[in-house]
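What follows is a set of notes on a single structure, which appears directly below.
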Amino acid sequence: MADDPSGFSSPSKFPPPALCRRVGNLELRWAILIIFLIGLLVVTGVFKMIF
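For the sequence shown, our numbering gives the first residue as 196, with consecutive numbering after it.
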């Protein structure tokens, strides 16, 4: 991978931008939801330990 840095920006290796955006937005929403839920669990766990 270090030998060919141009491979990262080559458009032929990626799906169409519209599909990329749709999938990216969906994955972003799921990632935010999962991170939020994990954060909520961690915060409640810490509060239970402290109090």
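Virtual Cβ for every residue (Gly too), placed ideally from N, Cα, C.
With 16 other Cβ atoms within 10 Å as the buried cut-off, status of residue i
i: Gly202; result: Low per-residue confidence applies at Gly202: pLDDT is 49, beneath 50, and the placement is therefore not dependable, though the value from the model is reported in the following sentence. Counting Cβ neighbours within 10 Å, Gly202 comes out exposed, since fewer than 16 surround it.
Coil, strand or helix - residue i by DSSP
i: Phe246; result: coil
i: Val238; result: helix
Spatial neighbours of residue i in its chain, beta-carbon cut-off 7 Å, leaving aside the 5 residues before and after
i: Lys243; result: none
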